[in-house]
Amino acid sequence: MRCDHGTGRDPRKCIDTGSDLSQPQLIWVFDALLSAGALQLVIIFLTALLSKRVRRVVTWYMFIFAWIIHSLSFLFIAGRQVGSPPTIGICLVGSALIYASPPLTGFSTLILVLQLYLNVSFGRSMEKRKQIEEYFHIMLMLPLMMFVVVVVGVIAEPKQITRDKSGMICHLDDPGSVVWNTVILTLCVALVLLAGGSTIRILWRRRKAMRNMHDFDPITKGLVCRLALFNIAPCMVLIYEVVLIPFSDNGIKVTFCHIAYASLPNLAAWTFGSQSDIMRVWMFWKKDKPDLMSRKPEGFR
């Protein structure tokens, strides 16, 4: 259904609906997953920001913020996913955010993993860790710059904006845009897996030595498992982008790809919301043991 067929709206201010293949039940699942992920991430972000008992590096905050933006971007046309299409303005901004969020999350993830790798590599040298953190403050400009560049680039192509076959999101009716995002994500994923795999190897080798140390180190089995789970997210994002290229004209397959993608913010929330210091803040009725609080690691856990 097009916006100029019986909607009573100015066709110059509307877009093509894309297809009638959208299913309200699946769209509800899509919106619910994204909303749940965004809510959890906001709670985690505010918990770390406002609690004196939780200490995190700036790259961690950037990572969580990037996934919040990701969730909200895919919800931009919520309520206009079935029936009458959204206006060009809403659809244009929504699609711009959708195309800009993968580079934002990809590079934010990469920077966080690289900082963790370097921190682990340098061990207990606090001087080197502080130097690393200063460098990474500057590197955080990269994902933000990529985000702005992509948003501006998409907004410059308003005539190619349409609601996709699933009805869930607005997108550019141009396969090249998906290919471009896929190339960027492939680079990010390759580097994340390389740095993440190297970090896991170093942590695993040190684990036995850490058991015999009186001064407890944040290098724990939980961190190894969390990092391994964390590396799944960028792989899923890349698979999503690759799958969308050949199936972009199949509404049902696109719909299920979107639903799989909508689960990623929840994975990020579960991975970082389950950290012990954050959990202790939420369990306010329990008192922390003095020795546990004194050994609390800074930045990662």
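According to our numbering, the stretch in the sequence shown is residues 918 to 1218, in order. For every residue, glycine included, the Cβ atom is placed at its ideal position computed from N, Cα and C.
According to the DSSP assignment, residue 944 belongs to the alpha helix (DSSP H) that extends over 941–967. Counting only runs of 4 or more residues that sit fully inside the segment 965–1007, the alpha helix (DSSP H) segments are 975–991, in chain order. Across the structure, residue 968 and residue 1198 are spaced so that their CA atoms are roughly 8 Å apart. Comparing alpha-carbon positions, the option among 1056, 959 and 941 lying closest to residue 1185 turns out to be 959. Across the structure, residue 1188 and residue 1049 are spaced so that their CA atoms are roughly 24 Å apart. In chain order, 1037 place their CB closer than 6 Å to the CB of residue 1119, counting only its own chain and leaving out the 5 sequence neighbours on each side.
Taking a cut-off of 8 Å for Cβ pairs, the segment 981–995 and the segment 1015–1028 touch, as three or more such pairs fall below it.
Secondary-structure assignment with DSSP links residue 1087 through a beta bridge to 1080. With contact defined as three or more Cβ pairs closer than 8 Å, the segment 975–989 and the segment 1023–1035 are in contact.
The DSSP-derived three-state label of residue 1074 is coil. Comparing C-alpha distances from residue 1056 to each of 1013, 976, 1117 and 1112 shows the shortest one belongs to 976.
Residue 1184: member of the alpha helix (DSSP H) spanning 1181–1190, first to last residue. Of the candidates 1173, 1069 and 1190, the residue whose Cα lies closest to the Cα of residue 1011 is 1069. Between residue 1101 and residue 1013, the CB-CB gap reaches or exceeds 7 Å. In the DSSP assignment, residue 1196 falls within the unbroken alpha helix (DSSP H) covering 1193–1199. Of the candidates 1090, 1032 and 1086, the residue whose Cα lies closest to the Cα of residue 1108 is 1032.
Rounded to the nearest whole angstrom, the C-alpha separation of residue 1096 and residue 1009 is 19 Å. With respect to the 7 Å criterion, residue 1179 and residue 947 are classified as neighbours on the basis of their beta carbons. Taken atom to atom, the span from the alpha-carbon of residue 1116 to that of residue 999 is near 45 Å. When the Cα atoms are used, residue 1201 and residue 970 turn out to be separated by approximately 11 Å. A direct Cα-Cα distance of roughly 26 Å separates residue 1106 from residue 1085. Counting of Cβ neighbours within 10 angstroms places residue 1091 among the exposed residues, the total staying below 16. DSSP places residue 1039 in the coil class of the three-state scheme, outside both helix and strand.
Distances from the alpha-carbon of residue 940 to those of 997, 1079 and 1044 put 997 closest.
Between the alpha carbons of residue 1039 and residue 1183 lies a gap of roughly 32 Å. Sixteen is the threshold: since fewer than 16 other Cβ atoms of the shown chains lie within 10 Å of the Cβ of residue 1122, the residue is exposed. Apart from sequence neighbours up to five positions away, the residues of its chain that approach residue 1046 with a beta-carbon distance below 7 Å are 1036 and 1039, ordered along the chain.
Classified as buried, residue 954 has 16 or more neighbouring CB atoms from the shown chains inside 10 Å of its CB.
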